[in-house]
């Protein structure tokens with residue numbers, strides 16, 4: 001039998017141990033970086049969802065304010081908005097030095113068209129693509145009458161529902177407060193509802 005001897009006298013260490021430590025540290029670092037990137041993606045998605053809800057809130061308040069300024073035409077605003085409204089023959093923008101006046105009916109038609117364009121993103125464009133609105137927006141405006149202290153207010157109760165497509169599917173999209181956009185947006189539907197009175 002032969003006796004194996006170490007080439008370096010007095011050294012009985014194992015070689016390559018620090019290389020294994022480096023590889024383990026590298027694996028841990030890669031797992032940590034993957035976690036950070038995933039966290040960043042989740043934060044970006046959440047930020048986008050939050051931005052969409054903020055936009056929906058702004059648009060709901062915008063149409064309510066337009067209705068308040070044109071109280072005699074409340075029923076004209078009651079409709080489902082899907083981006084299909086044609087531009088009215090007469091533009092009713094308020095501008096310095098404007099010489100033509102619009103009737104309340106013309107104002108309502110212009111308000112509806114302009115508001116629907118905002119929902120679809122006309123406030124901000126990159127080239128020819130509209131990017132300032134909601135993702136696949138649907139809006140439903142309804143009016144109904146109410147009685148307060150023995151007095152009836154026709155069409156004074158206004159409900160504005162704005163629906164849009166979220167990034168991920170959700171389990172509570174069957175929310176029964178409104179069917180606005182329910183079929184088209186399915187499980188990715190998000191909604192924002194404003195109930196108010198205009199008297």
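Residue numbers (full-length UniProt numbering): 1 to 199.
Every residue gets a Cβ at the ideal spot worked out from N, C-alpha and C, and that includes glycine.
Residue ranges of each alpha helix (DSSP H) within the segment 71 to 118, 4 or longer | 74 to 77
Inter-stretch contact at 8 Å, needing at least 3 Cβ pairs: the segment 126 to 137 / the segment 89 to 103 = no
Could you give the distance in angstroms between the alpha-carbon of residue 139 and the alpha-carbon of residue 82?
-> Locating residue 139 in the chain shown gives position 139, where the first residue counts as 1. Locating residue 82 in the chain shown gives position 82, where the first residue counts as 1. Computed Cα separation, rounded: 7 Å.
The beta strand (DSSP E) with residue 148 in it runs from where to where?
-> Translated into the one-based positions of the chain shown, residue 148 becomes position 148. Its beta strand (DSSP E) spans residues 138 to 148.
Specify the secondary structure class of residue 65 as computed by DSSP and reduced to three states.
-> Here the question's residue 65 lines up with position 65 in the chain shown. Helix.
Between which two residues does the beta strand (DSSP E) carrying residue 159 extend?
-> By one-based count along the chain shown, residue 159 stands at place 159. Note, residue 159: beta strand (DSSP E), 151 to 165.
Where does residue 155 land, buried or exposed, given buried means 16+ other C-beta within 10 angstroms?
-> As a first step, residue 155 is located in the chain shown; it is residue number 155 there, counting from the start. Burial call: buried.
Give every residue of the same chain whose Cβ lies closer than 7 Å to the Cβ of residue 192, excluding the five residues on either side of it in the sequence, and list them in chain order.
-> Taking the first residue of the chain shown as 1, we reach residue 192 at position 192. So the list reads 53, 56, 57, 60 and 162, once near-sequence residues are dropped.
Bounding residues of the alpha helix (DSSP H) (the contiguous stretch that carries residue 182) | Numbered from 1 along the chain shown, position 182 holds the residue referred to as residue 182. Unbroken alpha helix (DSSP H) run through residue 182: 182 to 185.
In terms of residues, what are the limits of the beta strand (DSSP E) holding residue 194?
-> Indexing the chain shown from 1 puts residue 194 at position 194. It spans 189 to 197 - the beta strand (DSSP E) in which residue 194 sits, taken as one unbroken run.
Sequence-distant residues of the same chain with beta carbon closer than 8 Å to residue 188, five excluded per side = The count along the chain shown starts at 1 and reaches residue 188 at position 188. Hits under 8 Å: 165, 166, 167, 168, 169, 170 and 173.
Rounded straight-line distance, which links the Cα of residue 145 to that of residue 151 = Position 151 of the chain shown, counted from the first residue, corresponds to residue 151. Position 145 of the chain shown, counted from the first residue, corresponds to residue 145. Approximately 11 Å, taken between the alpha carbons.
Reference residue 120, options 112, 110, 131 and 111, closest by Cα | In the chain shown, the residue the question calls residue 120 occupies position 120. Nearest C-alpha to residue 120: 131.
Can you tell me whether residue 22 is buried or exposed, with buried defined as 16 or more other CB within 10 angstroms of its CB?
-> For this step, residue 22 is matched to residue 22 along the chain shown. That one is exposed.
Going by C-alpha distance, which of 184, 115 and 28 is nearest residue 65?
-> Along the chain shown, read from residue 1 onward, the residue named residue 65 stands at position 65. The candidate whose alpha carbon is nearest that of residue 65 is 115.
Can you tell me the Cα-Cα spacing of residue 63 and residue 199, whole angstroms?
-> As a position in the chain shown, residue 63 is number 63, starting the count at 1. As a position in the chain shown, residue 199 is number 199, starting the count at 1. Looking at the two C-alpha atoms, the distance is approximately 15 Å.
Nearest-angstrom Cα distance between residue 136 and residue 47?
-> Mapped onto the chain shown, residue 136 falls at position 136. Mapped onto the chain shown, residue 47 falls at position 47. The alpha-carbon atoms of residue 136 and residue 47 are separated by roughly 18 Å.
9 Å Cβ cutoff met for residue 205 and residue 142 | Since the first residue of the chain shown is 1 and the last is 199, residue 205 is not available in this structure.
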